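**Student:** One structure follows; several queries about it will come next.
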Amino acid sequence: EPEVTQTPSHQVTQMGQEVILRCVPISNHLYFYWYRQILGQKVEFLVSFYNNEISEKSEIFDDQFSVERPDGSNFTLKIRSTKLEDSAMYFCASSEGAGDPYEQYFGPGTRLTVT
Amino acid sequence: QQQVKQSPQSLIVQKGGISIINCAYENTAFDYFPWYQQFPGKGPALLIAIRPDVSEKKEGRFTISFNKSAKQFSLHIMDSQPGDSATYFCAAERPGTYKYIFGTGTRLKVLA
């Protein structure tokens with residue numbers, strides 16, 4: 066069964082450093098998303114991406130964040146200057162279309178630890 | 004208005020029992036309500052979903068009950084099994100948006 070993959074599974078970085086989280090969405094999917102989950106809290110939407118453009122972003126997704134689809138298979142989330150509060154599990158998701166009945170398939174996540 | 008409130012935070016059920024997780028929302032524009040199941044170390048996976056034009060949807064041992072007037076919906080897991088032990092998230096989506104608003108999650112433990 067096709068699945069969303071994410072690398073690395075765990076990333077440790079120092080405050081102020083740049084990090085890039087990588088995702089390979091399911092191959093025929095057209096919509097891509099990033100969510101994050103701070104330990105013990107709910108999953109929060111960050112951004113959605115379609116046709117090489119951001120479709121929607123949350124208030125969390127400020128100028129420190131950017132997304133890119135550098136080639137036909139990867140989808141990346143860049144955090145330019147990490148803060149302690151960026152420590153969280155970051156989930157990538159993809160869907161064939163937008164909204165019901167198109168399910169969003171989630172990857173296993175990247176745990177980001179900022180020290 | 005954008006929140007989805009979920010309860011309980013954690014739940015312990017005996018094997019064979021019924022697990023019930025509740026969610027409530029304020030925004031009447033939400034029109035799609037999925038439930039996700041998450042095992043440790045894995046991403047959330049869609050379990051079952053409902054639209055507000057039906058009051059109940061059943062898939063195997065999993066049932067969503069939907070009360071549109073009360074703006075509440077719940078997940079019932081019948082004949083709960085130890086393999087059901089996971090974190091369950093309800094979510095909601097507004098039409099024309101590309102994002103899910105998740106509840107805070109319920110950690111379910113089913114005792115053997």
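Respectively, the protein sequence lines represent chains A and B.
Quick note on the numbering used here: the first sequence kicks off at 66 and runs consecutively.
Quick note on the numbering used here: the second sequence kicks off at 4 and runs consecutively.
All residues carry an ideal CB built from backbone N, CA and C; glycine is no exception.
Please read all numbers here as calculations on a predicted model, not as lab measurements.
Answer with yes or no whether the minimum CB distance from residue 113(A) to chain B is below 8 Å.
**Tutor:** For the purposes of this step, residue 113(A) is taken as residue 48 along the first sequence, with counting starting at 1. Taking Cβ atoms only, chain B reaches closer than 8 Å to residue 113(A), which makes this a yes.
**Student:** Which runs of the beta strand (DSSP E) at least 3 residues long sit entirely within the stretch 111-172 of chain A? Give them in chain order.
**Tutor:** Those beta strand (DSSP E) runs which fall completely within the stretch 111-172 of chain A and span 3+ residues are 118-122, 130-133, 140-144, 153-160.
**Student:** For residue 85(B), which three-state DSSP category applies?
**Tutor:** In the second sequence, residue 85(B) corresponds to position 82, counting from 1. Looking at residue 85(B) - three-state DSSP - the assignment turns out to be helix.
**Student:** Measuring only the C-alpha atoms, how far is residue 21(B) from residue 5(B)?
**Tutor:** Looking up residue 21(B) in the second sequence gives position 18. Looking up residue 5(B) in the second sequence gives position 2. Near 29 Å, if we compare the C-alpha coordinates of residue 5(B) and residue 21(B).
**Student:** Roughly how many whole angstroms lie between the Cα atoms of residue 45(B) and residue 89(A)?
**Tutor:** As a first step, residue 45(B) is located in the second sequence; it is residue number 42 there, counting from the start. As a first step, residue 89(A) is located in the first sequence; it is residue number 24 there, counting from the start. Near 16 Å, if we compare the C-alpha coordinates of residue 89(A) and residue 45(B).
**Student:** Taking the CB atoms as reference points, tell me whether residue 170(A) and residue 101(A) lie closer together than 8 Å.
**Tutor:** In the first sequence, residue 170(A) corresponds to position 105, counting from 1. In the first sequence, residue 101(A) corresponds to position 36, counting from 1. Going by C-beta atoms, residue 170(A) is not nearer than 8 Å to residue 101(A).
**Student:** Could you tell me which of 110(A), 93(A), 92(A) sits nearest to residue 127(A), measuring between CA atoms?
**Tutor:** The residue labelled residue 127(A) in the question sits at position 62 within the first sequence. Out of 110(A), 93(A), 92(A), 110(A) has the C-alpha closest to the C-alpha of residue 127(A).
**Student:** In the DSSP output, what is residue 66(B) paired with across the bridge?
**Tutor:** Looking up residue 66(B) in the second sequence gives position 63. Note: residue 66(B) sits in a beta bridge opposite 61(B), 79(B).
**Student:** Is it buried or exposed, residue 118(A), if we count other Cβ atoms within 10 angstroms and call 16 or more buried?
**Tutor:** To locate residue 118(A), count along the first sequence from 1; it is residue 53. Under this definition residue 118(A) is an exposed residue.
**Student:** Using the three-state DSSP reduction, which class does residue 76(A) fall into: helix, strand or coil?
**Tutor:** Counting from 1 along the first sequence, the entry for residue 76(A) is found at position 11. Residue state, collapsed to three classes: strand.
**Student:** If we count the other Cβ atoms within 10 Å of its Cβ and call it buried at 16 or more, is residue 11(B) buried or exposed?
**Tutor:** Walking along the second sequence from the start, residue 11(B) turns up at place 8. Exposed: under 16 other Cβ atoms inside 10 Å.
**Student:** Between residue 153(A) and residue 75(A), what straight-line distance do the alpha-carbon atoms span, to the nearest angstrom?
**Tutor:** Start at 1 with the first residue of the first sequence, and residue 153(A) comes out as number 88. Start at 1 with the first residue of the first sequence, and residue 75(A) comes out as number 10. When rounded, the distance between both Cα atoms is 10 Å.
**Student:** Applying the criterion that 16 or more other CB atoms from any shown protein chain within 10 Å of the CB defines a buried residue, is residue 42(B) buried or exposed?
**Tutor:** What you label residue 42(B) is simply residue 39 of the second sequence in a count that begins at 1. Under this definition residue 42(B) is an exposed residue.
**Student:** Going by C-alpha distance, which of 133(A), 134(A), 113(A) is nearest residue 124(A)?
**Tutor:** As a working mapping, residue 124(A) is identified with position 59 in the first sequence. Looking at the Cα atoms, 113(A) is the closest of the given residues.
**Student:** Under 6 Å Cβ to Cβ from residue 2(B), same chain only, skipping five residues before and after it: list those, please.
**Tutor:** No answer is possible for residue 2(B): the residues shown for chain B start at 4 and end at 115.
**Student:** At the 8 Å Cβ level, is residue 28(B) part of the contact set with chain A, yes or no?
**Tutor:** Translated into the one-based positions of the second sequence, residue 28(B) becomes position 25. False, the Cβ-Cβ gap to chain A never drops below 8 Å.
**Student:** Would you check if the distance between the CB atom of residue 80(A) and the CB atom of residue 175(A) is smaller than 8 Å?
**Tutor:** Here residue 80(A) refers to the residue found at position 15 when the first sequence is read from its first residue. Here residue 175(A) refers to the residue found at position 110 when the first sequence is read from its first residue. In this structure, residue 175(A) does not lie closer than 8 Å to residue 80(A) by Cβ.
**Student:** Pull the bridge partners of residue 40(B) from the DSSP assignment, please.
**Tutor:** Translated into positions along the second sequence, residue 40(B) becomes position 37. Per DSSP, 48(B), 91(B).
**Student:** Interface residues of chain B around residue 173(A) at Cβ under 9 Å?
**Tutor:** Locating residue 173(A) in the first sequence gives position 108, counting from the first residue. Within chain B, the residues near residue 173(A) are 44, 45, 46.
**Student:** Residues in the same chain with beta-carbon distance under 8 Å from residue 115(B), minus the five sequence neighbours each way, listed in chain order, please.
**Tutor:** Your numbering for residue 115(B) matches position 112 in the second sequence. Cβ neighbours of residue 115(B) beyond the five flanking positions: 18, 85.
**Student:** Would you kindly check if the distance between the Cβ of residue 72(B) and the Cβ of residue 58(B) is under 8 Å?
**Tutor:** Within the second sequence, numbered from 1, the residue matching residue 58(B) stands at position 55. Within the second sequence, numbered from 1, the residue matching residue 72(B) stands at position 69. No.
**Student:** Which residues does DSSP pair with residue 109(B) in a beta bridge?
**Tutor:** For the purposes of this step, residue 109(B) is taken as residue 106 along the second sequence, with counting starting at 1. DSSP, once it has assigned bridges, lists 91(B) as partnering residue 109(B).
**Student:** Throw me the rounded Cβ distance for the residue 95(A) and residue 141(A) pair, which I believe falls under 8 Å.
**Tutor:** The residue labelled residue 95(A) in the question sits at position 30 within the first sequence. The residue labelled residue 141(A) in the question sits at position 76 within the first sequence. Rounded, the Cβ-Cβ distance is 17 Å, inconsistent with contact.
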